[in-house]
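Position 295 of the sequence shown, counting from 1, maps to 294 under numbering that gives the first Met the number 0, and the rest follow consecutively. No residue lacks a Cβ here, since even glycine has one placed at the ideal position from N, Cα and C. Keep in mind that this is a model prediction, so the values were computed, not measured. Working notes, beginning with the structure itself.
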Amino acid sequence: MKPYRNSAATSSKVQPPALLKRHQIDDQAWNALIERSEYPVIYPYTWYLDCVSPGWQCLVWPSAQNYEIVMPLPVKKRWGLAVVQQPLFCQYLGLFSESELSEEAMAVFLESLSRHFIYISSYDFHPRHTPLLRKLTTFHPEFETTNKSTHWLNLKKPYTQLAYGYKKDRKNNLKKSKKYRWDWIESQDAGPLITLFRKNHAPKIKNVKESAYQLLSDLASLVLEKNSGIIRYARIGPEIHAGVMVLEENGMGIYIFNAADAVGRKGNARTFLLDQYFREAAGQLRTFDFESPEVDSISAFYESFGAEKRAFFSIKKNELPFPLRQLQNFRRGLMIWRETSLYARSAKP
0 MKPYRNSAAT SSKVQPPALL KRHQIDDQAW NALIERSEYP VIYPYTWYLD
50 CVSPGWQCLV WPSAQNYEIV MPLPVKKRWG LAVVQQPLFC QYLGLFSESE
100 LSEEAMAVFL ESLSRHFIYI SSYDFHPRHT PLLRKLTTFH PEFETTNKST
150 HWLNLKKPYT QLAYGYKKDR KNNLKKSKKY RWDWIESQDA GPLITLFRKN
200 HAPKIKNVKE SAYQLLSDLA SLVLEKNSGI IRYARIGPEI HAGVMVLEEN
250 GMGIYIFNAA DAVGRKGNAR TFLLDQYFRE AAGQLRTFDF ESPEVDSISA
300 FYESFGAEKR AFFSIKKNEL PFPLRQLQNF RRGLMIWRET SLYARSAKP
């Protein structure tokens, strides 16, 4: 593709990507491209998407048989329509290619995405796409854009440099954690982690669906089977008080889930577990993604490890016919209100 010149002129010059359903995708060719891609991450592998978003579709370019650029699309059926919706435990997706994406390529994929789907509940793009999307989403008024952020920690440094970058309060809390004489174990069982969350976090959140727990359990089994993740627990004696689950693929660690009881929180057990992990991962992985929610207290916690904020784009689109559009707008407003109330009540990490 030639460098992008004018968004209005690109659609007629470049072959649009092909829309494929799950059964039409060549898993081997797809996963090979993801592994070679400029910004590889675990989320777009076929086996991962099959778990978190069964029935997903994709856009591929230049043809259905030749994958040079791919865009996974988590699709659900609603009201008899194909709807794009970012799934749980999948922070962002976007476009993946072996070489750097041009503005023209991104423009053509955005046009194709908009053409094929009248309703996008949410779709989040890889942070590396942010500069391109800032330019191109202005050409798509049908998209409602939201700026989100996560936090990345550079793990290419030796541990001594990482620890030196901890902020004062994190260093102090790490010292306090040592008074609890935490022991840690690695496990193949996500059950205690889910139980910790059910008892200590879910009551404050409310309306956590049972399907979310089942999805986490299935995902944990899958990533552990593929050696693409770890689960660790902090305990005093035989009793577990905190746990973390980290995904690992292509040199990136992702803090996908964690939980702690009152003792674990007071004793800074998750700080202890994360610090221990960084001791081992420093110089072995390139990046640790804290997968941050948009909550100031939690963002401050992650930044205290020396992590830096990374912005990414989320888009929505609602061109549903009446009355579905009005009903969905009302539902979205209710969900925003509920999430705002939830975050206000969330406990600090």
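- When secondary structure is reduced to three states using DSSP, arginine 285 falls in the coil class, being assigned neither helix nor strand.
- Phenylalanine 116 has its alpha-carbon roughly 9 Å from the corresponding atom of asparagine 317.
- By the 16-neighbour rule on beta-carbons within 10 angstroms, threonine 159 is exposed.
- The residue among Met251, Asp274, Glu224 and Leu132 with its C-alpha nearest the C-alpha of serine 101 is Leu132.
- Just measuring C-alpha positions, the residue of Glu34, Ser36, Pro39 and Val69 sitting nearest isoleucine 24 is Val69.
- Pairing leucine 112 with glutamine 56 gives a Cβ-Cβ distance that is not under 8 Å.
- Closest by C-alpha distance to glutamine 14, out of Thr194, Ala31, Val59 and Tyr47, is Val59.
- A contact between stretches requires three or more CB pairs, one per stretch, nearer than 8 Å, and the stretch 234-243 fails this requirement with the stretch 202-221.
- Counting only unbroken stretches of 3 or more residues, the beta strand (DSSP E) elements lying wholly within the stretch 109-183 are 118-123 and 143-153, in sequence order.
- In this structure, the straight-line span from the alpha carbon of leucine 192 to that of leucine 32 is close to 33 Å.
- In the DSSP assignment, leucine 18 is bridged to Leu58.
- Selection Val107, Ser98 and Tyr122 evaluated against leucine 87 yields Tyr122 as nearest (Cα-Cα).
- For serine 227, the closest alpha carbon among the candidates Tyr179, Val245, Phe142 and Leu214 is that of Val245.
- Valine 69: member of the beta strand (DSSP E) spanning 65-72, first to last residue.
- Within the same chain, Cys50 come within 8 Å of aspartate 217 by CB-CB distance, once the 5 residues on both sides are set aside.
- The straight-line gap separating the alpha-carbon atoms of serine 313 and histidine 139 is approximately 13 Å.
- Rounded to whole angstroms, the gap between the alpha carbons of alanine 63 and phenylalanine 289 is 35 Å.
- Bounds of the alpha helix (DSSP H) holding glutamate 209 are 209-224.
- Taking the Cβ atoms as the reference, leucine 154 lies roughly 6 Å from alanine 281, within the contact range of under 8 Å.
- Separation of alanine 259 and proline 157 (C-alpha to C-alpha, rounded to the nearest whole angstrom) is 28 Å.
- Residue pairing of phenylalanine 311 in beta bridges, as defined by DSSP: Lys147.
- Isoleucine 297 sits in a helix when the DSSP states are folded into three classes.
- Pairing lysine 308 with serine 148 gives a Cβ-Cβ distance under 8 Å.
- Between tyrosine 66 and the set Lys75, Glu37, Ser96 and Tyr44, the nearest pair of CA atoms involves Ser96.
- Nearest in C-alpha terms to serine 120, of all of Asn146, His128, Arg180 and Ala81, is Ala81.
- Excluding five sequence positions before and after leucine 135, the CB atoms of its chain that fall closer than 7 Å to its own CB belong to Ser6, Glu102, Met105, Ala106 and Leu109, given in chain order.
- A distance below 8 Å between beta-carbons, with the five flanking residues on each side excluded, links glutamine 187 to the following residues of its chain, in chain order: Leu223 and Ile230.
- Contact between serine 176 and glycine 236 does not hold, since their C-beta atoms are separated by about 16 Å, which reaches or exceeds 8 Å.
- Leucine 94 carries a coil assignment under DSSP once its states are collapsed to helix, strand and coil.
- According to the DSSP assignment, glycine 250 belongs to no alpha helix (DSSP H), since it is labelled neither H nor E.
- Looking at the DSSP output, leucine 100 sits in no beta bridge, so it has no partner there.
- Measuring C-alpha to C-alpha distances from tyrosine 165 to each of Ala306, Glu279, Leu272 and Arg285 identifies Ala306 as the nearest.
- In this structure, Pro43 is the residue among Glu34, Glu37 and Pro43 with its C-alpha nearest to the C-alpha of arginine 21.
- Under the DSSP assignment, valine 262 falls outside any beta strand (DSSP E), being part of the alpha helix (DSSP H) whose first and last residues are 261-265.
- For alanine 81, the secondary structure class from DSSP, reduced to helix, strand or coil, is strand.
- In the three-state reduction of the DSSP assignment, lysine 203 falls in the helix class, which pools H, G and I.
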